[in-house]
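Heads up: the structure comes next, in C-alpha cells.
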Amino acid sequence: MTNTPGTTNLRILLANDDEDELRELAQVLESLGHEVTPFAVTVSEAIELIAREDPDLAFVIFDGDDAHGLALISETVEFASGPVLVTVREAESQRTVAQAAEMGIAGYVDSWAPDDVQGAINVAMARHREERRLLEKVDQLESALERRAVIERAKGILMERHSVDDRASFELLRDHARGGGRRVVDVAQSVLDGHALLPSRSSQ
1 MTNTPGTTNL RILLANDDED ELRELAQVLE SLGHEVTPFA VTVSEAIELI AREDPDLAFV
61 IFDGDDAHGL ALISETVEFA SGPVLVTVRE AESQRTVAQA AEMGIAGYVD SWAPDDVQGA
121 INVAMARHRE ERRLLEKVDQ LESALERRAV IERAKGILME RHSVDDRASF ELLRDHARGG
181 GRRVVDVAQS VLDGHALLPS RSSQ
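Using full-length UniProt numbering, read the sequence shown as starting at 1 and increasing by one per residue.
Given below as C-alpha cells:
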C-alpha cells in the first residue's frame, strides 16, 4: 500500500481495558513503522496520556456495548488534537454504532490486517488535514471580516469628526498608517480606542 504524506511514523495512543488486545494492535502498528505510546486503560489515563504524549492519532478498541468503551471514545475525541479511530472486537448494536459516530470519531476499523489498518489511518489523517485546512480558512475569513468592521467603524468616526466622505476617511487612515509604518487596521483600532475615551458631543 502507498502511504499518503503525513501518515507514516505516527505517534499513536491505544485505549482499552484489555491489555492483551492493546498489545496485539500495538504489534500491528509497530510493524507499520508507527510509535505506540503507553496504553490507556482507564478514562483518566487516556486524558493524562493525551496531554503528555500529544499523539498524532488514537485508537479506541471497543468491546461490545459497554459504557466504559463509550466513555473512552467520548473523552479521547474531546481531548485529542488528532483523529480518533474505533476498532471493534465484538458485535454491537446499531444504536451503539450511532452513539460512537455522534461523538466525532474519524472512522471504524473492522480488520487488523496491516493494509486495512494503514488504509484507515491514511483516510483519517487526510480527513483531519482537510478539516484543519477548512477551519483555518474560516478563521482567516472571520479575521478579515473583523478587520473590515474595525476599519469601517473608524471611518465612520473620522467622517463625523472631520466632515469628510467615505473615501477621504479611508485615505486619512491609510496615510497615517504609511507615515507610522503601521497597518491600516491598527490605526483604525487606535481611532476606536481614542474615541471611546472622548466625551460625547452632548456633554461638551
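For every residue, glycine included, the Cβ atom is placed at its ideal position computed from N, Cα and C. Keep in mind it's a predicted model, so treat the numbers as computed, not measured.
Three-state secondary structure (DSSP) of residue i
{"i": "Gln204", "result": "At Gln204 the pLDDT is 47, less than 50, meaning the model places this residue with poor confidence; the figure from the coordinates comes in the next sentence. Three-state result, Gln204: coil."}
{"i": "Thr87", "result": "strand"}
{"i": "Asp63", "result": "strand"}
{"i": "Ala106", "result": "coil"}
{"i": "Leu57", "result": "strand"}
{"i": "Val40", "result": "The sequence shown places Ala at residue 40, not Val. Three-state result, Ala40: strand."}
Continuous alpha helix (DSSP H) stretch holding residue i: start and end
{"i": "Val43", "result": "43 to 53"}
{"i": "Leu172", "result": "166 to 180"}
{"i": "Glu13", "result": "For clarity, residue 13 is Leu in the given sequence; the question names Glu instead. Here Leu13 belongs to no alpha helix (DSSP H); instead the beta strand (DSSP E) covers 11 to 15."}
{"i": "Pro114", "result": "114 to 162"}
{"i": "Ala26", "result": "19 to 31"}
Proximity test, Cβ basis, 8 Å: residue i and chain B
{"i": "Leu145", "result": "Included in the structure is just one protein chain, with no chain B present."}
Classification of residue i by the beta-carbon crowding that lies within 10 angstroms, buried from 16 upward
{"i": "Asp18", "result": "exposed"}
{"i": "Gly181", "result": "exposed"}
{"i": "Ser169", "result": "buried"}
{"i": "His34", "result": "buried"}
{"i": "Gln118", "result": "buried"}
{"i": "Gly179", "result": "exposed"}
{"i": "Ala58", "result": "buried"}
{"i": "Glu130", "result": "exposed"}
CB contact flag (residue i, residue j, <8 Å)
{"i": "Ala100", "j": "Phe62", "result": "yes"}
{"i": "Val60", "j": "Leu72", "result": "yes"}
{"i": "Ile151", "j": "Ala106", "result": "no"}
{"i": "Leu158", "j": "Val191", "result": "yes"}
{"i": "Lys155", "j": "Asp166", "result": "yes"}
{"i": "Leu13", "j": "Leu25", "result": "no"}
{"i": "Val36", "j": "Glu45", "result": "no"}
Do the stretch 133 to 146 and the stretch 106 to 122 meet, that is, are 3 or more Cβ pairs less than 8 Å apart?
-> no
Using 8 Å as the threshold, is the stretch 18 to 27 in touch with the stretch 43 to 57, meaning 3 or more CB pairs across them?
-> no
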